[in-house]
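Sequential numbering from 7 applies to the sequence shown in UniProt numbering.
Where is the CB? At the ideal position from N, CA and C, for every residue including glycine.
For reference, the structure is listed below as structure tokens.
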Amino acid sequence: PERCVVAVDGPSGSGKSTVSRRLATAIDGVYLDTGAMYRAITWAVLQAGADLQDADAIVKIAQETTLSIGTDPLAPRFRVNGTDVDAAIRGPEVTGAVSAVAAVPAVRAMLVRLQREIISAAPRIVVEGRDIATVVAPDAELKVYLTASAAARAQRRSAEDATDVAATEADLNRRDQLDSSRAADPLRQADDAVTVDTTGMGIDEVVAHLLSMLNSKV
Ligand code: C5P
């Protein structure tokens with residue numbers, strides 16, 4: 007396709023990142039990891055030592071933060087105020103705090119605006135997150151809601167992070183609960199999104215399925 011936006015939403019560990027990056031490469035497009043944007047702001051908030059209950063302090067830090075957002079699907083590198091944060095934003099401190107920061111409406115408004123700018127500048131882009139089809143890009147050509155059983159999601163995440171499966175499952179459940187129940191742009195499937203349950207599916211299989219859906223639409 008000449009131009010296309012693919013929205014990939016779903017809970018943590020559903021395979022969004024791996025699948026989105028592979029799909030972006032397959033369509034010779036770029037990749038936007040909106041979760042990494044919320045993580046990067048969270049890293050700045052923790053770095054500043056702000057109270058996670060203090061929404062005003064969080065918003066102020068977010069406004070003063072300079073984000074550099076990589077969109078190469080093979081190496082999406084992020085910088086915060088010039089510091090390379092790719093490893094740090096995947097660490098337990100950021101993972102533990104990100105849902106609180108992402109629940110602040112003014113932080114979301116700021117990042118959604120940035121996401122839309124990046125999307126409109128890219129001819130072909132795969133965007134992954136929680137609210138892409140519902141809020142950020144409701145006009146996307148293809149909207150996918152990726153899911154998988156809680157056990158499968160925990161197993162994948164713990165294999166990636168080399169952490170304990172039970173602890174990972176508890177953490178995923180905690181974040182999904184927070185992300186689905188917040189007032190501002192909660193995780194929710196768009197009415198016109200296609201659900202793909204990736205439990206027991208291989209990555210190649212999922213990517214091939216999305217590509218064939220995309221080819222039949224554009
Ligand atoms: O996708 P990832 O697990 O990196 O996202 C981290 C967190 O960022 C999510 O748990 C959620 O709180 C938040 N997020 C969001 N909206 C998005 C993407 C991520 O609220 N579009």
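Check                                                                                                                              : Outcome
Is the distance from the Cβ of residue 65 to the Cβ of residue 100 below 8 Å?                                                      : no
Can you tell me the Cβ-Cβ gap for residue 199 and residue 150, rounded? I've got them flagged as a contact below 8 Å.              : 6 Å
Using a threshold of 8 Å, state whether the C-beta atoms of residue 16 and residue 152 are closer than that.                       : yes
Are the region 127-147 and the region 33-53 touching by the rule of at least three beta carbon pairs closer than 8 Å?              : yes
Can you tell me which of 96, 20 and 144 puts its alpha carbon nearest to the alpha carbon of residue 208?                          : 20
State the Cα-Cα distance for the pair residue 8 and residue 124, rounded to the nearest angstrom.                                  : 17 Å
Assuming residue 187 is part of the alpha helix (DSSP H), what are its boundary residues?                                          : 171-187
Runs of 3 residues minimum, wholly inside the region 41-120: which ones carry the beta strand (DSSP E) assignment?                 : 73-75 and 84-86
Do you know whose CA, among 181, 49 and 24, lies nearest residue 38's CA?                                                          : 24
Considering only heavy atoms of the ligand C5P, does any lie closer than 7 Å to the CB of residue 67?                              : no
Just list the residues that DSSP pairs residue 244 with in beta bridges.                                                           : This structure gives no information on residue 244, because the portion of the chain shown stretches from 7 to 224.
Are residue 196 and residue 112 closer than 8 Å when you measure CB to CB?                                                         : no
Quick one, which of 191, 156 and 162 has its alpha-carbon nearest residue 118's?                                                   : 191
Classify residue 193 as helix, strand or coil using the three-state DSSP reduction.                                                : coil
What is the rounded straight-line gap between the Cα of residue 14 and the Cα of residue 60?                                       : 31 Å
First and last residue of the beta strand (DSSP E) that includes residue 203?                                                      : 200-203
Relative to the C-alpha of residue 97, which residue among 216, 163, 185 and 182 is closest?                                       : 163
Would you tell me roughly how many angstroms separate the C-alpha atoms of residue 35 and residue 128, rounded to the nearest one? : 8 Å
Once DSSP output is grouped into helix, strand and coil, what is the label at residue 158?                                         : helix
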